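Residues in the sequence shown are numbered consecutively from 1, following the UniProt record's numbering.
Every residue gets a Cβ at the ideal spot worked out from N, C-alpha and C, and that includes glycine.
Please read all numbers here as calculations on a predicted model, not as lab measurements.
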Amino acid sequence: MRVTVADSAVFMYNLGVVLSGGYVATMLNVNDRYQLLGVMVVFALFWTIYFKFYMRSRLETLDERSESG
1 MRVTVADSAV FMYNLGVVLS GGYVATMLNV NDRYQLLGVM VVFALFWTIY FKFYMRSRLE
61 TLDERSESG
């Protein structure tokens, strides 16, 4: 299996998502599991929307460039 530039970008994106969620949960001193679940849902929605409208087209462009040249 060949690792592409888009694969690397998705990995870095996901790493950033996990780190930012952990950071916010730590900074907000989240101790209740329902509060933590709420924070996770909000972050998941934000990053999913961001990925769909911002990252997807850029990754498709990167993938096309790597295949053509």
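By how many angstroms is the C-alpha of residue j removed from the C-alpha of residue i?
{"i": "Phe43", "j": "Tyr54", "result": "16 Å"}
{"i": "Leu28", "j": "Asp7", "result": "32 Å"}
{"i": "Val41", "j": "Met1", "result": "32 Å"}
{"i": "Leu19", "j": "Trp47", "result": "12 Å"}
{"i": "Arg65", "j": "Leu59", "result": "10 Å"}
{"i": "Asp32", "j": "Phe11", "result": "29 Å"}
{"i": "Glu67", "j": "Ser57", "result": "15 Å"}
Among the options, whose alpha-carbon lies nearest the alpha-carbon of residue i?
{"i": "Leu45", "options": "Val17, Val10, Phe11, Ala9", "result": "Val17"}
{"i": "Asn14", "options": "Tyr50, Tyr34, Asp32", "result": "Tyr50"}
Can you name, in chain order, every residue of its own chain whose Cβ lies under 8 Å from the Cβ of residue i, other than the five neighbours on each side?
{"i": "Val39", "result": "Gly21, Val24, Ala25, Leu28, Val30"}
{"i": "Leu36", "result": "Ala25, Val30"}
With a cut-off of 8 Å on the beta carbons, I'd call residue i and residue j a contact; round off their distance for me.
{"i": "Val3", "j": "Leu62", "result": "At roughly 13 Å, the Cβ-Cβ gap does not stay under 8 Å, so Val3 and Leu62 are not in contact."}
Below 7 Å CB to CB, which residues in the same chain sit around residue i once its five sequence neighbours on both sides are set aside?
{"i": "Ala9", "result": "Leu59, Leu62"}
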